[in-house]
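A short worksheet on the structure shown next.
The following block contains the structure:
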């Protein structure tokens with residue numbers, strides 16, 4: 001079921017400063033910042049060739065990463081996203097296995113325009129797992 | 135400078151339970167556990183095709199992930215590892231840029247038998263960054 005790693009999401013309190021660190025200090029290739037108001041973040045993609053690193057800064061009042069940054073004011077590793085071929089089949093298998101799907105259990109359209117689900121971090125040893133239909 | 139994502143390391147308090155969750159619940163392909171006493175961990179590799187997820191359980195008295203698991207008893211995302219072509223050139227560039235290299239600043243031989251460095255998470259917005267010479 002579990003396919004390739006689509007991205008690793010890193011929450012940062014200051015996207016401009018994080019862009020400078022990744023571009024100038026680490027020598028990484030970055031996208032321009034993209035505001036995604038419907039997802040409550042501004043994102044910069046770091047292209048590392050085999051996958052993407054996403055630098056996320058909160059956007060708007062109800063950002064899904066605001067609580068994380070309150071607990072981790074410097075920022076930190078927020079979630080990993082794996083690809084699956086069939087998100088409804090994946091969801092059904094996960095629920096049968098006892099894993100908790102966040103929200104109402106139905107896929108939402110994620111930041112890449114594809115259906116996504118998030119799984120409860122307590123079921124995966126403290127790691128927030130996103131699944132995206134490839 | 136920054137090359138491909140070599141792995142994402144997830145610290146877990148109970149490797150057998152984590153293996154069951156990744157294999158049975160997420161349907162992932164796992165390696166057998168490998169004890170690496172000189173690195174203070176037992177590791178299981180999760181093959182996701184384009185990169186690796188490493189599940190790390192502490193091994194021995196002075197495990198480098200023990201303090202993390204004291205702060206995060208359920209486990210969590212521990213570090214990301216990027217490949218570089220020349221780790222000494224990378225180290226010199228990082229130091230010139232003001233980034234802090236952990237330890238004495240010299241590469242050590244990492245868990246894959248290659249030279250590695252760790253960078254201070256405060257310089258990268260709460261994310262512990264490992265660099266490995268490819």
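Protein chains in written order, with this note's numbering: chain A, 1 to 134; chain B, 135 to 268.
Cβ atoms here follow ideal geometry from the backbone N, Cα and C, with glycine treated the same way.
Which word fits residue 35/A, buried or exposed, when buried means at least 16 other C-beta atoms lie within 10 angstroms of its C-beta? In the first chain, residue 35/A corresponds to position 35, counting from 1. Answer is exposed; the Cβ neighbour count stays below 16.
Determine the DSSP secondary structure at residue 77/A, reduced to helix, strand or coil. Here residue 77/A refers to the residue found at position 77 of the first chain. For residue 77/A, the three-state secondary structure derived from DSSP is strand.
Between residue 188/B and residue 141/B, is the Cβ-Cβ spacing less than 8 angstroms? Start at 1 with the first residue of the second chain, and residue 188/B comes out as number 54. Start at 1 with the first residue of the second chain, and residue 141/B comes out as number 7. Residue 188/B places its beta carbon less than 8 angstroms from that of residue 141/B.
List the whole-angstrom C-beta distance separating residue 131/A from residue 84/A, where the pair is believed to meet the contact cut-off of C-beta under 8 angstroms. Reading the first chain from its first residue, position 131 is the one you call residue 131/A. Reading the first chain from its first residue, position 84 is the one you call residue 84/A. Confirmed, about 5 angstroms.
Output needed for residue 81/A: all residues of its chain with C-beta closer than 6 angstroms, excluding positions within five of it in sequence on either side, in chain order. By 1-based counting over the first chain, the position of residue 81/A is 81. Correct list, in chain order: 6, 7, 130 and 132.
Between residue 223/B and chain A, is there a C-beta pair that is closer than 8 angstroms? As a working mapping, residue 223/B is identified with position 89 in the second chain. Under the Cβ distance rule, residue 223/B does not count among the residues neighbouring chain A, no pair being separated by less than 8 angstroms.
Taking 8 angstroms as the cut-off, decide whether the C-beta atoms of residue 41/A and residue 56/A are in contact. As a first step, residue 41/A must be located in the first chain, where it is residue number 41. As a first step, residue 56/A must be located in the first chain, where it is residue number 56. Yes. Within cutoff.
Please report the straight-line C-alpha distance between residue 185/B and residue 51/A, rounded to a whole angstrom. Here residue 185/B is taken as the residue at index 51 of the second chain, counted from 1. Here residue 51/A is taken as the residue at index 51 of the first chain, counted from 1. Per the coordinates, the alpha-carbon of residue 185/B lies some 8 angstroms from the alpha-carbon of residue 51/A.
Nearest residue (CA-CA) to residue 44/A, options 111/A, 126/A and 119/A: Indexing the first chain from 1 puts residue 44/A at position 44. Selected option, being the one with the closest Cα: 111/A.
Please compile the residues from chain B whose C-beta is within a distance smaller than 7 angstroms of the C-beta of residue 124/A. Along the first chain, one-based indexing puts residue 124/A at 124. Within chain B, the residues near residue 124/A are 155.
Going by DSSP, what residue range makes up the beta strand (DSSP E) through residue 89/A? As a position in the first chain, residue 89/A is number 89, starting the count at 1. Where residue 89/A is concerned, there is no enclosing beta strand (DSSP E), although the alpha helix (DSSP H) it sits in stretches over 87 to 96.
So, residue 209/B versus residue 145/B, is the Cβ gap smaller than 8 angstroms? Looking up residue 209/B in the second chain gives position 75. Looking up residue 145/B in the second chain gives position 11. Taking 8 angstroms as the cut-off, the beta carbon of residue 209/B is found closer than this to the beta carbon of residue 145/B.
Of all the alpha helix (DSSP H) runs that stay within the bounds of the stretch 6 to 46 of chain A, which reach a length of 4 or more residues? If we require 4 residues or more, the alpha helix (DSSP H) runs fully inside the stretch 6 to 46 of chain A come out as 15 to 20.
Quick one: Cα of residue 113/A to Cα of residue 38/A, how far? Locating residue 113/A in the first chain gives position 113, counting from the first residue. Locating residue 38/A in the first chain gives position 38, counting from the first residue. When the Cα atoms are used, residue 113/A and residue 38/A turn out to be separated by approximately 11 angstroms.
In whole angstroms, what separates the C-alpha of residue 186/A from that of residue 197/B? Here chain A comprises residues numbered 1 to 134, so residue 186/A is not present and cannot be evaluated.
Compute the beta-carbon to beta-carbon distance between residue 257/B and residue 20/A, rounded to the nearest angstrom, for a pair I have assumed lies under 8 angstroms. Against the second chain, residue 257/B aligns to sequence position 123. Against the first chain, residue 20/A aligns to sequence position 20. Taking 8 angstroms as the upper bound for CB-CB distance, residue 257/B and residue 20/A are not in contact here, some 11 angstroms apart.
Are the C-beta atoms of residue 24/A and some chain B residue less than 8 angstroms apart? Along the first chain, read from residue 1 onward, the residue named residue 24/A stands at position 24. At least one chain B Cβ lies under 8 angstroms of residue 24/A.
Check the Cβ-Cβ distances between residue 5/A and every residue of chain B, and say whether any is below 8 angstroms. For the purposes of this step, residue 5/A is taken as residue 5 along the first chain, with counting starting at 1. For residue 5/A, a Cβ of chain B is located within less than 8 angstroms of the residue's own Cβ.
Is the Cβ of residue 239/B closer than 8 angstroms to any Cβ of chain A? For the purposes of this step, residue 239/B is taken as residue 105 along the second chain, with counting starting at 1. Cβ-Cβ to chain A under 8 angstroms: no for residue 239/B.
In this structure, does DSSP put residue 205/B in helix, strand or coil? Residue 205/B sits at position 71 when you count from the first residue of the second chain. Per DSSP, reduced to three states, the secondary structure at residue 205/B is helical.
Could you work out which residues of chain A lie near residue 136/B, taking near to mean beta carbons separated by less than 7 angstroms? On the second chain, residue 136/B is found 2 positions in, with the first residue counted as 1. In chain order: 26, 27, 28 and 48.
Hey, residue 4/A and residue 182/B: beta-carbon distance below 8 angstroms or not? As a working mapping, residue 4/A is identified with position 4 in the first chain. As a working mapping, residue 182/B is identified with position 48 in the second chain. Against a cut-off of 8 angstroms, the Cβ pair of residue 182/B and residue 4/A comes out as a contact.
Sub-8 angstroms separation of residue 104/B and residue 125/A beta-carbons: Residue 104/B falls outside the range modelled here, since chain B spans only 135 to 268, and no answer is possible.
Residue 223/B: buried (16+ other C-beta within 10 angstroms of its C-beta) or exposed? On the second chain, position 89 is the one that residue 223/B refers to. It counts as exposed.
Going by C-alpha distance, which of 143/B, 163/B, 238/B and 158/B is nearest residue 95/A? Stepping through the first chain from its first residue, residue 95/A is reached at position 95. When the alpha-carbon of residue 95/A is set against those of 143/B, 163/B, 238/B and 158/B, the nearest one is in 158/B.
Using a Cβ-Cβ cutoff of less than 8 angstroms, which residues in the same chain neighbour residue 68/A once the five nearest sequence positions on both sides are dropped? On the first chain, residue 68/A is found 68 positions in, with the first residue counted as 1. 11, 76 and 78.
How about residue 207/B and residue 255/B: are their beta carbons less than 8 angstroms apart? One-based indexing of the second chain puts residue 207/B at position 73. One-based indexing of the second chain puts residue 255/B at position 121. In this structure, residue 255/B does not lie closer than 8 angstroms to residue 207/B by Cβ.
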